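Number of protein chains: 2
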Amino acid sequence: LKKHIPIATTKRLPLYHEYVSRMESEGSKWVSSFMIANALGLTPSTIRQDLKHLEAIESSSFGYSTKSLKKVLENALGVTTGANMVLVGVGRLGQAIVHHKMFKEKGFVIKALFDAKEDLIGKRICNIPIYPLGRLPEIVKKKRISIGIVTTPVESAQYVTDLLVDANIKGIWNFAPINLRVPPNVAIENVNLCPSLFLLAFRIKLLEKLP
Amino acid sequence: LKKHIPIATTKRLPLYHEYVSRMESEGSKWVSSFMIANALGLTPSTIRQDLKHLEAIESSSFGYSTKSLKKVLENALGVTTGANMVLVGVGRLGQAIVHHKMFKEKGFVIKALFDAKEDLIGKRICNIPIYPLGRLPEIVKKKRISIGIVTTPVESAQYVTDLLVDANIKGIWNFAPINLRVPPNVAIENVNLCPSLFLLAFRIKLLEKLP
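Each protein sequence line maps, in turn, to chains A and B.
Residues in the first sequence are numbered from 1 upward in steps of one, following our numbering.
Residues in the second sequence are numbered from 212 upward in steps of one, following our numbering.
What follows is the structure in structure tokens.
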């Protein structure tokens, strides 16, 4: 991240990235500052000012190239560098995440799995070994892990988070529906699917209001 | 939704809801228009104007009550009404979603499951029966289903979506990493976990820059 990017801008960049990723997945080749402004409730001039702080973005009379804008945002956000990860809790959700190809393509690689169930230890999922929790500190250090994915039941989520924090993890990607305590030097991102479902329900409602 | 809410406001309401839900899950009792404005890159005055279109929200010198604001937003967004749903594709991810308690608590109830695999037909997950795809049109109609959850492999996602659309579904909640085609009267919401992971990586980067 360039040093001179204003704090307010850095907070909007992830929103732009999320919008542009969605537009790309929907097949849009171009996005304008008006489209982004409209979708996010900002002014087009805010968007244009923000994007001036980044690398040059390919543009045309239709707006910015979706692909180019996404790439520039990813460079700014450091997304392209990726991270080594471990996953704790090899249940249904944990296994679904291990099988997800998208993260690995982006450089986010799961290096080891952990579970408390003895009968899982030593098995592999997608060729990634499952270890007992006792080996977590050693493996997090040895494999230079920066992100811990928590897919345990609610009851074990804080215990597992404390283990990860003690092992000097930098960030927790939490799928358990609970508010985890982490020290201020550890980043946390909670995955909650409800807002996405509510947004769908809201879209259905808006469509029903159309003539 | 009240008829006089401006379109631009209706587009911002889901963003407010997502922010307030996050604040609540992090334990914040109060949120101010300044906090929301800062987090979403809007002006505090936009927030205050937008919220004036809604029901009265409990507030104090600290700002709005997080709980009250969330409830008012949910009423406006129609979230509290919920919906009947079906899920197609009972793999790892599909099963994880069926076991998720949060949706049901919010009134979003999965009424039936569908899969192409013959050995799954007739079984139940969380007491919800698994049917063959051939019975989808009949069951969607009989059980007044408005939302179809697509958790199939990429290869089958469009086929299944077409089945759901033909059965007069109102919205598709898509977990397959593919851009699905739906007619303009059907709402679609794609779940993509990458932005959440990228945001975590970005937060880690910001924390590393702190003195």
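The beta-carbon is built from N, C-alpha and C at its ideal position, and this holds for glycine as well.
All figures in this text were calculated on a predicted structure; none of them were measured in a lab.
| Mind checking if A/E55 is an interface residue toward chain B, Cβ cutoff 7 Å exclusive? | One-based indexing of the first sequence puts residue 55 of chain A at position 55. For A/E55, the answer is no, since every Cβ of chain B falls outside 7 Å of its Cβ.
| field | Contacts that A/R92 makes with chain B (C-beta to C-beta distance below 7 Å) | value | On the first sequence, position 92 is the one that residue 92 of chain A refers to. Within 7 Å Cβ-Cβ: R303, Q306, A307, H310.
| Name the chain A residues whose beta carbon is nearer than 7 Å to that of B/F245? | Start at 1 with the first residue of the second sequence, and residue 245 of chain B comes out as number 34. Within 7 Å Cβ-Cβ: nothing; B/F245 doesn't reach chain A, min ~12 Å.
| field | Contact list for B/L298 against chain A, beta-carbon separation under 7 Å | value | For the purposes of this step, residue 298 of chain B is identified with residue 87 of the second sequence, where counting begins at 1. The premise fails here: B/L298 is roughly 12 Å from chain A at the closest Cβ pair, so nothing lies under 7 Å.
| task | Please report how far the alpha carbon of A/K67 lies from the alpha carbon of A/I5, in whole angstroms. | result | Residue numbering aside, residue 67 of chain A sits at position 67 when the first sequence is read from its first letter. Residue numbering aside, residue 5 of chain A sits at position 5 when the first sequence is read from its first letter. The C-alpha of A/I5 is placed about 22 Å away from the C-alpha of A/K67.
| field | B/D330 classed as buried or exposed, judged by whether at least 16 other C-beta atoms fall within 10 angstroms | value | For the purposes of this step, residue 330 of chain B is taken as residue 119 along the second sequence, with counting starting at 1. Classification for B/D330: exposed.
| B/F325 and B/V297 look like a contact to me (Cβ under 8 Å); what is the Cβ gap, rounded to whole Å? | Start at 1 with the first residue of the second sequence, and residue 325 of chain B comes out as number 114. Start at 1 with the first residue of the second sequence, and residue 297 of chain B comes out as number 86. Contact between B/F325 and B/V297 holds: CB atoms are separated by about 6 Å, below the 8 Å threshold.
| query | Grouping DSSP H, G and I as helix and E and B as strand, with all else coil, what is A/G122? | reply | For the purposes of this step, residue 122 of chain A is identified with residue 122 of the first sequence, where counting begins at 1. Coil at A/G122, not helix or strand.
| Who are the neighbours of A/M102 on chain B, taking C-beta pairs under 7 Å? | On the first sequence, position 102 is the one that residue 102 of chain A refers to. The answer, in chain order, is P388, C405.
| chain E contact for A/I130 (CB, 7 Å cutoff) | Of the chains in the structure shown, none is chain E; the protein chains are A and B.
| said: Give me the subset of the stretch 150 to 177 of chain A whose CB atoms are less than 7 Å from a CB atom of chain B, sorted by chain position. | reply: K170, G171, W173, P177
| request: Rank A/F62, A/L42, A/Y16 by C-alpha distance to the C-alpha of A/W30 and give the top, closest one. | output: Position 30 of the first sequence, counted from the first residue, corresponds to residue 30 of chain A. Looking at the Cα atoms, A/F62 is the closest of the given residues.
| query | Counting contacts by CB-CB distance shorter than 7 Å, is A/G107 in contact with chain B? | reply | Position 107 of the first sequence, counting from 1, holds the residue named residue 107 of chain A. Chain B contact via Cβ: absent.
| field | Spatial distance of A/L206 from A/M35 (CA atoms) | value | Mapped onto the first sequence, residue 206 of chain A falls at position 206. Mapped onto the first sequence, residue 35 of chain A falls at position 35. A direct Cα-to-Cα measurement between A/L206 and A/M35 gives close to 19 Å.
| How many Å lie between A/T46 and A/E74 at the Cα? | As a first step, residue 46 of chain A is located in the first sequence; it is residue number 46 there, counting from the start. As a first step, residue 74 of chain A is located in the first sequence; it is residue number 74 there, counting from the start. Roughly 19 Å between the two C-alpha positions.
| request: For my contact list, B/F314 and A/L197 are in at a C-beta cut-off of 8 Å; report their separation, rounded to the angstrom. | output: Here residue 314 of chain B corresponds to residue number 103 of the second sequence, with the count starting at 1. Here residue 197 of chain A corresponds to residue number 197 of the first sequence, with the count starting at 1. Yes, they are in contact, since the Cβ atoms of B/F314 and A/L197 sit about 6 Å apart, within 8 Å.
| said: Just verifying my parser: in three-state terms, what is the DSSP assignment at B/F273? | reply: In the second sequence, counting from the first residue as 1, residue 273 of chain B sits at position 62. Coil, per DSSP.
| task | Say whether chain A places a C-beta atom closer than 7 Å to the C-beta of B/S236. | result | Position 25 of the second sequence, counted from the first residue, corresponds to residue 236 of chain B. With 7 Å as the cut-off, B/S236 counts as an interface residue toward chain A.
| message | Using a Cβ-Cβ distance cut-off of 7 Å, determine whether B/A323 contacts chain A. | response | Translated into the one-based positions of the second sequence, residue 323 of chain B becomes position 112. No, no contact with chain A.
| query | By DSSP, does B/A368 sit in helix, in strand, or in coil? | reply | Locating residue 368 of chain B in the second sequence gives position 157, where the first residue counts as 1. Residue state, collapsed to three classes: helix.
| query | Which residues does DSSP pair with A/S189 in a beta bridge? | reply | Within the first sequence, residue 189 of chain A is the residue found at index 189, counting from 1. According to the sequence displayed, residue 189 of chain A carries Glu and not Ser. A/E189 pairs with A/W173.
| Assumed close pair B/S232, B/K281 - CB separation to whole angstroms, cut-off 8 Å | As a position in the second sequence, residue 232 of chain B is number 21, starting the count at 1. As a position in the second sequence, residue 281 of chain B is number 70, starting the count at 1. Confirmed, about 6 Å.
| query | Skipping 5 residues on each side, what residues in its chain have a beta carbon closer than 6 Å to that of A/K170? | reply | For the purposes of this step, residue 170 of chain A is identified with residue 170 of the first sequence, where counting begins at 1. Excluding sequence neighbours, A/K170 sits near S146.
| request: Assign A/E58 to one of two classes, buried (16 or more other C-beta atoms within 10 Å of its C-beta) or exposed (fewer than that). | output: One-based indexing of the first sequence puts residue 58 of chain A at position 58. It counts as exposed.
| query | Which partner residues of A/N84 appear in the DSSP bridge assignment? | reply | Residue mapping note: residue 84 of chain A aligns to position 84 of the first sequence, counting from 1. Beta-bridge pairing links A/N84 to A/V109.
| request: Please classify A/I204: does DSSP put it in a helix, a strand, or coil? | output: Taking the first residue of the first sequence as 1, we reach residue 204 of chain A at position 204. Three-state result, A/I204: helix.
| said: What would DSSP say about A/G89, mapped onto helix, strand or coil? | reply: As a position in the first sequence, residue 89 of chain A is number 89, starting the count at 1. Three-state DSSP puts A/G89 in coil, outside helix and strand.
| task | Identify each residue in the stretch 253 to 282 of chain B for which the Cβ-Cβ distance to at least one residue of chain A is less than 8 Å, and report them in chain order. | result | L253, T257
| task | Whole angstroms is fine: what's the gap from B/S189's alpha carbon to B/E316's? | result | The displayed coordinates of chain B run from 212 to 422. Any statement about residue 189 of chain B would go beyond what the structure contains.
| query | Under 7 Å between the Cβ atoms of B/Y230 and B/A250? | reply | The residue labelled residue 230 of chain B in the question sits at position 19 within the second sequence. The residue labelled residue 250 of chain B in the question sits at position 39 within the second sequence. Annotated as proximal: B/Y230 and B/A250, with beta-carbon spacing under 7 Å.
| task | May I ask which residues mark the beginning and end of the beta strand (DSSP E) holding B/I358? | result | Here residue 358 of chain B is taken as the residue at index 147 of the second sequence, counted from 1. Here the beta strand (DSSP E) through B/I358 covers 358 to 361.
| Of the residues that make up the stretch 221 to 235 of chain B, which ones have a beta carbon closer than 8 Å to any beta carbon in chain A? | Among the residues of the stretch 221 to 235 of chain B, those with a Cβ less than 8 Å away from any Cβ of chain A are T221, K222, R223, L224, P225, L226, H228, E229, S232, R233, in the order of the chain.
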